[in-house]
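Note sheet for the following structure.
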Amino acid sequence: MINKYNSVKLAFRDNYRFNSSIGIVISTLVGSIAVMVIMMNGYNLINWIQIGIAVFICSIYNAAVLSVQSYKIIFNLIITSLVYNIIVIILNLAI
7 MINKYNSVKL
17 AFRDNYRFNS
27 SIGIVISTLV
37 GSIAVMVIMM
47 NGYNLINWIQ
57 IGIAVFICSI
67 YNAAVLSVQS
77 YKIIFNLIIT
87 SLVYNIIVII
97 LNLAI
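Going by our numbering, the first residue of the sequence shown is number 7, and it counts up by one from there.
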């Protein structure tokens with residue numbers, strides 16, 4: 007698993023500008039889908055907390071790209087953003 011992570015990270019580094027730009031689109035798209043799915047389940051406090059975390063994680067990724075952080079930070083943030091939002095989508099669709 008670590009070898010796959012390292013190989014994908016190196017591939018991300020090779021096309022850093024393109025991948026980070028596409029990452030903004032993908033992170034925002036998956037984050038907005040997560041927010042839509044959360045809101046389909048109502049407007050209680052737990053849902054608002056999930057929405058806040060999803061927006062925060064996507065915003066942190068976008069800020070890291072715009073402030074030209076290292077490729078390692080940006081790569082880890084895109085993985086974090088996608089994993090959290092996909093888990094939220096799956097869990098909220100299962101309810």
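For every residue, glycine included, the Cβ atom is placed at its ideal position computed from N, Cα and C.
Legend entry - Exposed unless 16 or more other CB atoms sit within 10 angstroms - verdict on residue 62: exposed
Legend entry - Euclidean distance between Cα positions of residue 32 and residue 47: 23 Å
Inset, instruction - Give me the Cα-Cα distance between residue 41 and residue 21, rounded to the nearest whole angstrom. - result: 29 Å
Inset, instruction - Examine the Cβ distances between the segment 74 to 84 and the segment 10 to 28 and report whether three or more of them are shorter than 8 Å. - result: yes
Inset, instruction - Could you tell me which of 37, 93, 89, 81 sits nearest to residue 12, measuring between CA atoms? - result: 81
Inset, instruction - Determine the contact status of residue 56 and residue 44, defining contact as a CB-CB distance below 7 Å. - result: yes
Inset, instruction - Please report the residue range of the alpha helix (DSSP H) in which residue 30 lies. - result: 22 to 46
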